[in-house]
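All remarks here apply to the structure that follows.
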Amino acid sequence: MNKFIDLHLHTICSDGTFTASEIINIAFEKGISAVAITDHDSVDGIDEAMICGKKEGVEVIPGVELSAYDDDDIEVHILGYFIDYKDKWFVERLEEIRDVRKKRYEKILSKLKEIEIDLTGEDFPGEDECVSYGRPHVARLLLKKGYVHSFKEAFVKYIGKGCHGYVEKKRLTVPEAIEMVIKVNGIPVLAHPGILNDDNKVNSYIGMGILGIEAYHSDHSLQEQMKYVDIAKKHNILITGGSDCHGKIKKDILMGKVKVPYEVLERMRKAKRMAPS
Ligand code: AMP
Ligand code: FE
Ligand code: FE
Ligand code: ZN
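Going by the numbering used here, the residue at position 173 of the sequence shown is 217; the numbering climbs one at a time, nothing skipped.
Structure (structure tokens):
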């Protein structure tokens, strides 16, 4: 049987609903050989995943997903793989970014209060200061309190761009995010280019130092997948992929649905070995 992997997963340390250990257990059940933990602006789930992964025989690659901006307006996600996730500078920089996220989360709640939606005092996402707060936390609260019927509706009605509860979070530029990953000896990869849907931009990020493209992703059609594989091959950069699972949505778990062959990881490891550090 062909081995396969999932290199894009979120835990409760950011906007996922599974703990790192739960992710490993699900990976084991689904027969996934290797996973990368890629929380938004956080590396806090990696150690737990490594410990549990060792027990269950699931390989764990340390990763991160950084939010960057282009032209002030376009959101671009940069994945970092094989990062030195304990690097002091990196950890402190992520703490600063999460601080901005927390303030933004509070601002979103107060904007929603202006339109009679009161989510304050709710116990989710909890008292944990380390959580990398994101809009999915607000979406889940809106769902729990019955303001919306689905997770998606929360973005359409209340917290998506143009909605009353939308608050920008400006942080890194694309070159800054790439640089941040490279500084900790990681491989910078452009996440879900299909969401971006702009090939000129994709090419410009490759020029900025992206070393891989996430061609396999839950939101990509087969055509998009093939297109990004071709772009990566043309530029001689890595092809990567993952489900971008954030937990259970209704009864569905995205993990393992995007079949990424194990060879993808072997090529990444080779690139990592050859990189100067
Ligand atoms: P944030 O980083 O706080 O702006 O939140 C962005 C995250 O929200 C993304 O990583 C997705 O997990 C989720 N997200 C953004 N837009 C949507 C949408 N339209 N529907 C569902 N989830 C979304
Ligand atoms: Fe997310
Ligand atoms: Fe993303
Ligand atoms: Zn993601």
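All residues carry an ideal CB built from backbone N, CA and C; glycine is no exception.
Would you kindly check if the distance between the Cβ of T217 and the Cβ of A71 is under 8 Å? no
Compute every distance between the C-beta of H290 and the non-hydrogen atoms of ligand 2, then say whether any falls below 7 Å. yes
Rounded separation between L53 and E307 - CA only: 19 Å
Taking 7 Å as the cut-off, is the beta-carbon of A235 closer than that to any non-hydrogen atom of ligand 5? With respect to small molecules bound, the structure shown includes ligand 1, ligand 2, ligand 3 and ligand 4 and not ligand 5.
Separation of I222 from V246, as counted between CA atoms: 14 Å
What are the start and end residues of the beta strand (DSSP E) that includes H121? 118-125
Can you tell me whether P320 is buried or exposed, with buried defined as 16 or more other CB within 10 angstroms of its CB? exposed
Let's see if you can read the secondary structure: which residues bound the beta strand (DSSP E) around V104? 103-114
Rounded to the nearest angstrom, how far is the Cβ of K213 from that of R145, given a contact under 8 Å? 6 Å
So, with DSSP's three-state summary, where would you put S287? coil
Can you tell me whether K151 is helix, strand or coil according to DSSP? helix
If the criterion is Cβ atoms closer than 8 Å, does the pair I49 and L266 meet it? no
Anyone know if the C-beta pair for A235 and E258 falls short of 8 Å? yes
Just list the residues that DSSP pairs H261 with in beta bridges. G286
Would you say the region 190-203 touches the region 100-107, given that touching needs at least three Cβ pairs under 8 Å? no
Candidates K47, G107, K196, I283: closest to S58 by CA position: G107
Report the rounded CA-to-CA distance for H208 versus K157, giving the unit in angstroms. 10 Å
Counterpart residues of D50 in DSSP-defined beta bridges: V79
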